[in-house]
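From first to last, the protein sequence lines stand for chains A and B.
Using numbering that gives the first Met the number 0, you'd call the opening residue of the first sequence number 0 and step up by one each time.
Using numbering that gives the first Met the number 0, you'd call the opening residue of the second sequence number 0 and step up by one each time.
Even for Gly, the Cβ is constructed at its ideal location relative to N, Cα and C.
2 protein chains.
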Amino acid sequence: MKPDFDLSLYLVLDPDMCGGHAAALRTADLATRNGVTVVQLRAPEWKKRAWLALAIELKALLAPRGVPLIINDHVDIALAADADGVHVGQKDLPPEVVRQLIGPDKLLGLSASSLADLRGADTAVVDYVGVGPVFPTGTKKDANPVLGVAKLAELMAEKSLPVVAIGGIGIAQAAEVIAAGVDGVAVVSAICAAADAAAASVQLTAAIAGAREVAA
Amino acid sequence: MKPDFDLSLYLVLDPDMCGGHAAALRTADLATRNGVTVVQLRAPEWKKRAWLALAIELKALLAPRGVPLIINDHVDIALAADADGVHVGQKDLPPEVVRQLIGPDKLLGLSASSLADLRGADTAVVDYVGVGPVFPTGTKKDANPVLGVAKLAELMAEKSLPVVAIGGIGIAQAAEVIAAGVDGVAVVSAICAAADAAAASVQLTAAIAGAREVAA
Chain A
0 MKPDFDLSLY LVLDPDMCGG HAAALRTADL ATRNGVTVVQ LRAPEWKKRA
50 WLALAIELKA LLAPRGVPLI INDHVDIALA ADADGVHVGQ KDLPPEVVRQ
100 LIGPDKLLGL SASSLADLRG ADTAVVDYVG VGPVFPTGTK KDANPVLGVA
150 KLAELMAEKS LPVVAIGGIG IAQAAEVIAA GVDGVAVVSA ICAAADAAAA
200 SVQLTAAIAG AREVAA
Chain B
0 MKPDFDLSLY LVLDPDMCGG HAAALRTADL ATRNGVTVVQ LRAPEWKKRA
50 WLALAIELKA LLAPRGVPLI INDHVDIALA ADADGVHVGQ KDLPPEVVRQ
100 LIGPDKLLGL SASSLADLRG ADTAVVDYVG VGPVFPTGTK KDANPVLGVA
150 KLAELMAEKS LPVVAIGGIG IAQAAEVIAA GVDGVAVVSA ICAAADAAAA
200 SVQLTAAIAG AREVAA
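Next up, the structure:
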């Protein structure tokens, strides 16, 4: 059965930004004790043996907490680590191919940076969409043009799947992004590069909850 | 059932070196009409959607010729394209993990650059070993130290699996490499960067056959 998932605070874990394998595990531990609801492992520069070792340890850490582990791009690593899902971009394996490989019980996320991408997400195949970059970001080398919050809100009027917003979102931006109509915010450096990953997670969680109260 | 395979002349197809998707298909076509016995697709800089598109076309080209298509590193692409096998290095997914993902009917190759690597290749899991680099090469950025032909011959005394030698092997080197006791030679630039891929394949095939006659 497909796991329940809550996109509220979605950590894209960059193990290099965290300081390596052990530091990434520590960050994931602190983050998920303090509000992070999903962890995606993304290490585009890593060889797969190192990816797999970290994915297996993350899975063991997160499963008892009910926090899904998503693997970026590499379906083979997701399968080998029995991760909870895969996240792909528009140039990665097509979602329908990924779905065939992972079966019906795993989560599948797709990145979208335009209305065309958003409309192209097959709701029978994809479980959620990551929309961005909302703000400028230095994390992703091949990022698309920045959307901005107004454009994000426009896109949200068209959404047919849960959406997590990504790209340059920190504590100061989380509330306005939530107000634009997304289901959650994805962060990389706001937690991975934070001096205190626990405190950053708490503050992000509070910002998201506050924005939802205002909207309700 | 696992396909028969003949390592004699093993083309590692670098689509960028060939000149892109269409040029890589052309190279594979000419090469396999002129003696190449295995094709491995290796495009470490490519996104997976482009990999998959090329892998599917290569499979359609090569299958009727009985030439196995091997995918470097990415088990997910091999599964999606129904390729004939996967080739992994020492830092890629461990062979036993790959074998679980691909099942018993696909080929699995492992790179080795030392006696320890060679002895570490589980003959119940791995089908062949790629040993190198024999000579200096500019193709692989993270290549191990050069073995040389004498060291290669030493290693061959220890082999328990079919071996294809790789690294800086061109028409001038093929014969001495075969004489060192390997089952075949793998080339990248000797065909991908050749002015005439067909002629290069014919000459390599002749060099290999000639060296075998001498040895016999």
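- Per DSSP, leucine 51 of chain A has no beta bridge partner at all.
- Each residue's CA atom was taken as its position, placing isoleucine 190 of chain A and alanine 54 of chain A some 18 Å apart.
- For a Cβ distance threshold of 9 Å, nothing in chain A lies close to lysine 58 of chain B: the least Cβ distance comes to about 14 Å.
- The Cβ neighbour count for threonine 122 of chain A, taken over all protein chains shown within 10 Å, is under 16; the residue is labelled exposed.
- The C-beta separation of isoleucine 76 of chain A from isoleucine 70 of chain A comes to about 5 Å, placing the pair in contact by the 8 Å criterion.
- Around the beta carbon of aspartate 13 of chain A, 16 or more other beta carbons sit within 10 angstroms, so the residue counts as buried.
- When Cβ pairs closer than 8 Å are counted between the two stretches, the segment 174–186 of chain A is seen not to touch the segment 14–25 of chain A, the count staying below three.
- Near chain A, meaning a CB-to-CB distance below 8 Å, the residues of the segment 38–65 of chain B are Lys46, Lys47, Arg48, Ala49 and Leu51.
- Annotation for glutamine 202 of chain A: the continuous alpha helix (DSSP H) segment containing it runs 196–214.
- At least 8 Å separates the CB of aspartate 121 of chain A from every CB of chain B.
- Here threonine 136 of chain B really is in contact with glycine 167 of chain B; their C-beta atoms are around 4 Å apart, less than 8 Å.
- Each residue's CA atom was taken as its position, placing leucine 117 of chain B and alanine 22 of chain B some 34 Å apart.
- With the rule of 3 Cβ pairs closer than 8 Å, the segment 42–52 of chain A does not count as touching the segment 81–96 of chain A.
- For histidine 20 of chain A, the uninterrupted alpha helix (DSSP H) segment begins and ends at 20–32.
- Residue state for glycine 84 of chain A is assigned as strand, using DSSP reduced to three classes.
- If you look at valine 184 of chain B, you'll find it in the beta strand (DSSP E) that goes 183–186.
- For isoleucine 165 of chain B, the three-state secondary structure derived from DSSP is coil.
- At least one CB of chain A lies nearer than 8 Å to the CB of lysine 90 of chain B.
- Here glutamine 39 of chain A carries a strand assignment [DSSP, helix/strand/coil].
- Note on the segment 112–139 of chain B: whole alpha helix (DSSP H) runs with a minimum of 4 residues are 114–119, in chain order.
- Here leucine 8 of chain B is bridged, per DSSP, to B/Val184.
- Check the Cα spacing between phenylalanine 134 of chain A and each of A/Val37, A/Pro144, A/Leu114 and A/Thr31: the tightest is with A/Pro144.
- Classified as buried, leucine 29 of chain B has 16 or more neighbouring CB atoms from the shown chains inside 10 Å of its CB.
- The Cβ atoms of glycine 169 of chain B and leucine 146 of chain B lie no closer than 8 Å to each other.
- Between leucine 107 of chain A and valine 97 of chain A, the C-beta spacing is below 8 Å.
- Of all residues in the segment 94–114 of chain B, only Val96 and Leu100 come within less than 7 Å of chain A when Cβ atoms are compared, listed by chain position.
- For the 8 Å CB-CB criterion, threonine 26 of chain A and valine 66 of chain A do not form a contact.
- Nearest CB-CB separation between leucine 68 of chain A and chain B: not below the 8 Å threshold.
- The straight-line gap separating the alpha-carbon atoms of alanine 111 of chain B and lysine 140 of chain B is approximately 16 Å.
- For valine 201 of chain A, there are no C-beta contacts with chain B under 8 Å, since the nearest C-beta of that chain is about 36 Å from it.
- Alanine 214 of chain B has its alpha-carbon roughly 18 Å from the corresponding atom of glutamine 202 of chain B.
- In the structure shown, leucine 61 of chain B falls within a helical segment according to DSSP collapsed to helix, strand and coil.
- Alanine 173 of chain B sits buried, since 16 or more C-beta atoms from the chains shown fall within 10 Å of its C-beta.
- Residue environment for arginine 41 of chain A: buried (at least 16 other C-beta atoms within 10 angstroms of its C-beta).
- Under the 8 Å criterion on CB atoms, valine 74 of chain B is classed as interfacial with respect to chain A.
- Counted as a single uninterrupted DSSP element, the alpha helix (DSSP H) harbouring leucine 100 of chain A occupies residues 94–101.
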